[in-house]
Each structure stands twice: as C-alpha cells, then as structure tokens.
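Q: Encoded as structure tokens, here's the structure I'll be asking about.
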Amino acid sequence: MKKFLSLVLALVMTMSLVTVSAGAKDFTDSTKIQYAEAVDVMSAVKVIDGYTDGSFNPSATLTRGAAAKIICNLILGPTTASALVADAAPYKDVPTNHTFAGYIAYCQKTGIISGYADGTFKPANSLTGYAFMKMLLGALGYKAEQEGYTGANWSIQVAKRALNIGLDDDLVGDFNGVKAVNREEACLYSLNTLTATMVEYEKNSTVIVGNITIKEQSDAKDMANTGKTDGNIDKDGKMQFAEKYFTDLKNYDVSNDFGQPATKWTLKAEKIGTYDKTADQVYHGKVELGDIYSDLNMSTKDAAEYYIDGAEQAKADVSKGNEDEVGVGNGAVTYVYHNDDTNAVTICTVNTYVGTVSKSVAATKSKDAYIVIDSESAEPTNWQNEFETDEKFEDDAVVLYTFSVSAKEIKSVKVAEKVSGELTKIVDTKSYNLDDTTYKFSKMIAYGDGVTAATVATKSTYNFYLDNDGHVIYVEEEEYVSDDYALVLAIESDKKFTDARVKLLKADGSTKTYDTDKDYTASIAAGDIVTWSYDEKEDEVTLKEVKGGTYGADYVKNAAHRNFTLTNSTAQILVVDKNGNGAYDSTNDTRVYANSKTVFVVKNNDGDYTVYTGIKNVPSIKGGNTAGDDKVSAAYYCKTNGMATVMFIDASAPNVQITSDSTKAIYPVSYTHLTL
C-alpha cells in the first residue's frame, strides 16, 4: 500500500532526527494544535510524527526540499521514493549528494515543481501555500502544464482549483497562498487530499509529424472506483485518494453526544477518533427558525432534527417566516447543519452551566485522573459529576461546563473568567452593573454562599464569573472568604439591645469577645457557624448566618460525635460512625469531604488551637465511643455538596488520638480563656 511521506517536518532541521508517533492529544503541546483531527489521522496512518521530546511544534514551517519528499512518498510510496537518486544535479544549488536530491529531481522531471529563473531551487527555503497546493494537485492527478499551473498566473489557477475541491476546508481564517505553510496546516491540506477525488485524462498524447506537433488532450475527469474500497471515504463510485492509497483507512458519518454531525475515523477497524463537523451557522442566545431558513438560503420547507444538550426534541419546523425560537436564553449556543444534497437540517443547542471543583483525584491503575464538580446551576437531567482530565484545577475553582444528557456525562470544563467590583445597578432578572460595566444574566445564573438574587444589593462588592459570551453566570460576595467564618462559642444579650456580646472562635484560630449592635439570640446560638465583619471605629461586630449547606442544616453544631475519624491526606472524613467499623454506612453514618482549601481549626489535648489548610496538612484525628474522655466534637460548614469549607474540631478530650506532624501546621494560636 502506498503511503504519504511522513509529514514529519522535523526534517526542516535534520533528516537524522528520530521521531515518535502520537495523536494530537498525546503531544506535550497539544493545546497549541488547532487541527487535531488532521494531526490524529496523519499520525494514525504513520505519515506524521512528533519530536523525541513529545512535542509536535505545529507552527514550524515546511521547507521546499522536505515538501518534495512528501510528494514523492505520496505518489510513489515511501519505499520506492527512498530509492530515488539524482543522475545529475536538478538545480545548481542541489548537487547529486544533497539530502533531497532524488526527490527534487523526480518532482522536476514530472513537472510537479519548478525552480527559480536563476537556475536555483533553494531547498531550505520555506514553502508557500500556493506551491504546496500545486504539489497536492499533482498527487491527485492534475497535470500542471495542461491545467495552467505554470507561467505567470500559475498561482491563480492553482488556488481556483485547490479551493474549489476543498483542499483548504476547515482552515481557520482565509487561505493565504503567499504565506509559508506550517506543520499543522500541511496536515490539514493533506487530510483534505485524502478525501478529495482523484482525476485522470482520457487523452494525453503528443504526435510530431515533420515540423507539426499535434497534442490530443482532454479535460481532467473524476477517476472511477468500482472496487471494494468505494465507500471507505465516500460511496460515490469515484476514487478518493485514500481509497486508492490508504485502503485500511475509513471514515463514517456519526453524531456526537450533543447530536451534532461528526466524522469517525478508523484504521484497520480501530478507532482513531470522532470529530465534530463545522456548523453552517452558529447562533448565541435565541434564534427564530425563519432566520435559520433565510441564513441557510433554503428553498423548501424542512422539519429539522432538534437536540438540546444531546436530548432529542420534537422536530423543528424550519420554514420561511416562522417566528418560533430555539436556543432560548443567554449562554445557549445553537449549531445548525444543512445537507445541501438532501436539504436535511440538524439543530443542536448546547447550554453552558457553572459549577465548582470540589476535589481532584489522581490516576490509579484502574481509573484515569478526574475531578468532581458540584453544579451551582440547576443540575442537568441525568447529572453525573465526574470529569476525566489530566488538567490541573484548583479546589473550589469556579468552572464552566457542558453536559450531554444523552451520554450522561460532562463533556468539557474550563475555568470561568472572574471580574470584581462594586455593584452599582440592578435591572431585575436582566442585568447587573459592576462599576461602569453592564453584565447580562446567563440563563444558568447561580449564586454563591450567603447570596441570593433577593439579597444582592448595590454598594456591595461582588465577584462575577462570566460565561463564554460574557454573561454573568455566578455571583459571590467578595467578603465571603474562609477567614471570615467563625464558630460561636457563646452569645448573650440584654433585653434592651445594648451591650449584647458574642464570643467567636475565628477561622484564623483566635478567639475574641465582641459587642454587637443587635440581639442575635433569636437566630444564632452557641455552636453555630457564622460569617462576621468588624467595624473598628464603632467597635461593633456584625454576624450573618451561613446558608446553603448540604446535609439539611447548614452546619453541624458543636456536639460530640461517635468514632470521629479524620485521616491525613484522605478526603473522606467520618464524622459519625455508629457501627464503629471505620467504614461509611449511608443509613446510619455521617461523612463529609475535605480538599486542599478546607480550613481546619483544631483544639488539641493541651487546649490550644492550631489552624491547618488542606487535608494533606491536618493531623489524623481518631475519637472513640465511650462516656466522654475520647469524644471528638466537630462543627463544619459545607459550602457545596459535602465539601467542607471550614471545620472546627474539638479534639481536647484526653484519650482522643491525634497523630500530628508539627511541620505541617501553618501557625499555632494559643487559646485564651475569655468569659462573658
């Protein structure tokens, strides 16, 4: 089977460079690759490799000499091409012992390439888009002289043909034939060559009679394919390039998990990957079906397949003037695909949701690395909260995600952009002004700890997290950070609302008694967790109950817990173990989780408080189930879905086991005995 030459443009630097085969997702610089499908397919058929350091270097340019080798391997196959030699120097700067001499000589003799007017070829120079397209057209069977690919206007003729048969399909931006071709563009143009139809000429002869030259030439026509490979790429009775030279390579029309048309590639029945097709129209927010009709330049009415987050909906009537809407709501993106041959239309709306990362789990022998996301937006149908990824996300990071209802899985995650400032204007259910900038609501807008749509107020400072279109999708009040949490140790008031006082154990490990300007005892009691702010000028503290916890109540008050078990570096904390077996029983036991940002305020056997941040830093603590000398008391607040934001632990009973590593403590704070 003939193959493309390796598009290993490491040859730009040296022919002796050892390379490694991989797919786009496997390269260390995969995030820089725009054309993943092209790189993956070219890698799979072993016509492109990466560098030994694991990178792909997609922006490296292609040289004229390396391109000649590519074309020879394309036409002849790498084995035959590697045996090519130059009997004589094809150009004065390409001696017979030049690395690319055989390839350049072959391409010169077949009219695929030409040199400069001064008799040079300049093999180390970069190759333009026009020149590479000319070579690919030659590989497909187009004859340069007959098609006008030589002479003063050769580039115009090359561009017309190459773009007409789709060799630049899916290129980001417009084709610029003067610009040098880089590695990943070469992959893209080559992939499009694989799917392009080859041509041949019925007549192509020259007869010389005396002084008269008679040429019998016909126009290029599509090459027929009546063999078993027809349908590997397109079952149309025509010979696509891959159907002739890559007979084990196939593609299929499929749908992705959002219902979008996609292409699945296989090699010898093994899957290379599935890749979304480019939509004919993309809409943000709502769009009328009549507008889709007009934008697609449709001539007849058609009922479209319609999907929301991959769930099939009732068919949408795409007809002229229809004012029915799809994709309703800021943050929704609607992709529309139109099959010109069948006039079929597919409409797919994908919503963007917001969540927070509750924990990251490293890869094991049986499972890839993944993160757990707590949805702040209303959870999608069939919600599953794990997302496999090697990318590192901070615990509690606010992220945007998409979710396929049909596949029951998160499909993409990215960190949300954050902006901060003073809220200056509210337009109910529509927009907020942060300083001088207006942010419209996302349809999936959600609110953080202590914040609701009803309590958002001007002249307060907020963090806004934005969706991909710049709509506010998550709101949190800036003052709510871990150090603002406190455990109420005691609280009192007189009936005249003067000299009311509260004693707080703060998240920094300190304790202090404050005067309050109101009586909080009706709503706040000892053992509660609150957020607090202090007015130094007035010497007054303001308290606010924390809301939005996971386990019914917003927190667990400071009560003794049976068999409390916290193990250093283990995310799960067994708060109540009624069975006493150290294993969680969902019927009788209580557990919470901790991550790298959980703040622990621990009272040890000596009665001192020490603050630790993160489950890897807190000591292991094990309580018992006796009358009281081994009991642990814990008060904790879970901002989202069982992940503790702050936990106050009283492990001072004499027989509580504390396995401490003093090097992990952030700072110790001695407990001062204060009374009200």
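Position 119 (the sequence shown) corresponds to 125 in this note's numbering; numbering is contiguous. Ideal Cβ placement from N, Cα and C applies to all residues, glycine included.
If you draw a straight line from the alpha carbon of Tyr590 to that of Ser575, how long is it in whole angstroms?
A: Cα to Cα, the separation comes out at about 17 Å.
Q: What do you reckon, are the CB atoms on Val536 and Ala496 nearer than 7 Å?
A: No. Outside cutoff.
Q: State buried or exposed for Tyr540, treating a residue as buried only when at least 16 other CB atoms are found within 10 Å of its CB.
A: Counting Cβ neighbours within 10 Å, Tyr540 comes out exposed, since fewer than 16 surround it.
Q: Whose CA, out of Asp32, Ala506, Ala50, Lys446, lies closest to the CA of Glu276?
A: Looking at the Cα atoms, Ala50 is the closest of the given residues.
Q: Could you tell me the alpha carbon to alpha carbon distance between Asp473 and Glu208, rounded to whole angstroms?
A: The alpha-carbon atoms of Asp473 and Glu208 are separated by roughly 58 Å.
Q: Report the three-state DSSP secondary structure of Trp538 (helix, strand or coil).
A: The answer is strand: DSSP assigns Trp538 an E or B state.
Q: Output yes or no for whether 7 Å exceeds the beta carbon distance between Val164 and Lys140.
A: In contact: Val164 and Lys140 (Cβ atoms closer than 7 Å).
Q: Report yes if the CB atom of Thr355 is closer than 7 Å to the CB atom of Tyr343, and no otherwise.
A: Against a cut-off of 7 Å, the Cβ pair of Tyr343 and Thr355 comes out as no contact.
Q: Pull up the CB-CB distance for Glu546 and Asp523, whole angstroms please, since I reckon it's below 8 Å.
A: Correct: roughly 5 Å between the Cβ atoms.
Q: For the pair the stretch 400 to 420 and the stretch 362 to 371, tell me if three or more CB-CB distances fall below 8 Å.
A: Segments in contact, yes.
Q: Label Ala559 either buried or exposed according to how many other C-beta atoms from any shown protein chain fall within 10 Å of its C-beta, with 16 as the threshold for buried.
A: Below a pLDDT of 50, predicted positions are generally treated as unreliable, and Ala559, at 38, falls in that range; the measurement from the model is reported next regardless. With fewer than 16 other Cβ atoms within 10 Å, it is exposed.
Q: How many Å lie between Thr317 and Thr435 at the Cα?
A: For the record, residue 317 in the displayed sequence is Ala; it is not Thr. Going by the C-alpha atoms only, they are around 27 Å apart.
Q: Would you call the stretch 277 to 296 and the stretch 39 to 54 in contact, with 3 or more CB pairs under 8 Å?
A: With the cut-off at 8 Å, the stretch 277 to 296 and the stretch 39 to 54 touch.
Q: Let's test the definition: count the other Cβ atoms within 10 Å of the Cβ of Gly613 and tell me whether it reaches 16, buried, or not, exposed.
A: Classification of Gly613: exposed, given that the 10 Å Cβ count is below 16.
Q: With respect to the beta strand (DSSP E) encompassing Gln287, which residues constitute its N-terminal and C-terminal limits?
A: Element bounds for Gln287: 287 to 290.
Q: Considering just the uninterrupted stretch of the beta strand (DSSP E) at Trp160, what are its terminal residues?
A: Trp160 -> not in any beta strand (DSSP E); alpha helix (DSSP H) instead, spanning 160 to 170.
Q: Three-state secondary structure (DSSP) at Val462?
A: Val462: coil per DSSP, three-state reduction.
Q: Distance, Cα to Cα, Thr604 vs Met649?
A: C-alpha separation (whole angstroms): 8 Å.
Q: If you measure between the beta carbons of Phe252 and Ala202, is that distance less than 7 Å?
A: In this structure, Ala202 does not lie closer than 7 Å to Phe252 by Cβ.
Q: Quick check on the DSSP output: the beta strand (DSSP E) that includes Ser448 runs from which residue to which?
A: First-last of the beta strand (DSSP E) with Ser448: 443 to 453.
Q: Can you grab the Cα-Cα spacing for the pair Gly515 / Ala368, in whole Å?
A: Roughly 31 Å between the two C-alpha positions.
Q: Provide the residue(s) that pair with Gln663 in DSSP beta bridges, ordered along the chain.
A: Paired residue(s): Lys628.
Q: Rounding to the nearest angstrom, what Cα-Cα distance links Phe62 and Gln40 in this structure?
A: Cα to Cα, Phe62 sits roughly 12 Å from Gln40.
Q: So, using beta-carbon positions, are Ala92 and Ala107 closer together than 7 Å?
A: Cβ atoms of Ala92 and Ala107: closer than 7 Å.
Q: Give me the Cα-Cα distance between Leu194 and Leu177, rounded to the nearest whole angstrom.
A: If I take the Cα positions, the gap works out to 8 Å.
Q: Do Val411 and Asn391 have their C-beta atoms closer together than 7 Å?
A: Not closer than 7 Å, so no.
Q: Between Ala89 and Asn188, which are expected to be in contact by the criterion C-beta below 8 Å, what is the C-beta distance as a whole number of angstroms?
A: Rounded, the Cβ-Cβ distance is 29 Å, inconsistent with contact.
Q: Would you give the residue range spanned by the alpha helix (DSSP H) that Ile621 belongs to?
A: Unbroken run through Ile621: none, as it is neither H nor E.
Q: Run through DSSP, which three-state label would Leu142 get?
A: In the structure shown, Leu142 sits in a helix (DSSP, three-state: H, G or I).
Q: Hey, could you find the ends of the beta strand (DSSP E) Gly427 is sitting in?
A: Gly427 -> beta strand (DSSP E) spans 423 to 433.
Q: Should Asp225 be labelled buried (16 or more other beta-carbon atoms within 10 Å of its own) or exposed?
A: Classification for Asp225: exposed.
Q: Does the beta-carbon distance from Thr408 to Thr464 come in below 7 Å?
A: No. Outside cutoff.
Q: At which residues does the alpha helix (DSSP H) containing Met204 begin and terminate?
A: Careful: Met204 lies outside any alpha helix (DSSP H) and carries neither H nor E.
Q: Only counting runs of 4 or more residues, tell me where the alpha helix (DSSP H) segments fall wholly within the stretch 100 to 125, in order along the chain.
A: If we require 4 residues or more, the alpha helix (DSSP H) runs fully inside the stretch 100 to 125 come out as 107 to 115.
Q: Buried or exposed, going by whether 16 or more other CB atoms sit within 10 Å of the CB of Ile110?
A: Buried is the call here.
Q: Use the C-beta contact count for Tyr258: other C-beta atoms within 10 angstroms, 16 or more gives buried, fewer gives exposed.
A: By the 10 Å Cβ count, Tyr258 comes out exposed.
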